[in-house]
Amino acid sequence: MKTTGITRRIDELGRIVIPKEIRKNMHLKTGELLEIFLEDETINLKKHSIIDKNQEFLQYYVEVLANKLSAEIYITTLSDIAFSSEEKIIGEKLSSKLENLITNNVNLSDINLVNLTDDKKIDNSHIYSLRPNGDLSGLLIISYNSNNHANYDELIKFTTSFFEKYFENI
């Protein structure tokens with residue numbers, strides 16, 4: 000765990016203020032949900048993600064879609080891989096470069112070659128933002144095994160919309 004050297008007092012209502020530098024670094028916005036974890040005498044805060052990694056149906060959908068498109072499919076949160084047609088990569092952290100692209104609102108559809116994780120580079124890929132309720136929550140990344148993918152635009156639009164609606168209703 001990285002130390003910041005910053006201390007804060009608990010007020011009479013039990014609240015603490017998260018310093019601006021930390022909120023900025025974690026891209027926390029007013030009203031955003033945080034998850035609270037206890038470990039011995041340590042309190043950990045984590046940005047809440049509506050992309051629930053324990054949805055068997057979504058994993059099945061990703062596998063079927065990958066088979067149909069002849070591609071590797073990745074559904075990510077803002078920090079790691081939640082679902083993938085390549086099971087061994089599920090749960091791995093996104094590369095710091097990809098995380099920076101996400102948090103700096105770079106037009107992801109313009110990116111063709113990127114490191115998905117520190118160890119895995121993907122090319123011939125298309126990256127789509129998942130914005131349930133209008134907030135960026137993750138990515139749909141499709142890495143095609145061939146160049147024969149022009150006929151799948153409508154399926155990809157449907158899939159992106161499906162995931163956004165699904166995550167809105169969780």
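Sequential numbering of the sequence shown, starting at 0, is according to numbering that gives the first Met the number 0. Every residue gets a Cβ at the ideal spot worked out from N, C-alpha and C, and that includes glycine.
The bridge partners DSSP lists for S142 are E71, S124. The residue among T158, L68, K1, D79 with its C-alpha nearest the C-alpha of N43 is K1. Along the length of the stretch 11-39, whole beta strand (DSSP E) runs at least 3 residues long occupy 33-38, reported in chain order.
The residue from D117, Y60, I80, R22 with its alpha-carbon nearest to that of S136 is I80. Using a 10 angstroms sphere on the CB of V16, the tally of other CB atoms stays under 16, which defines it as exposed.
Per DSSP, the beta-bridge partners of K46 are L33. Spatial neighbours of T159 in its own chain (CB-CB distance under 6 Å, excluding positions within 5 residues in sequence) are listed in chain order as Y127, L139.
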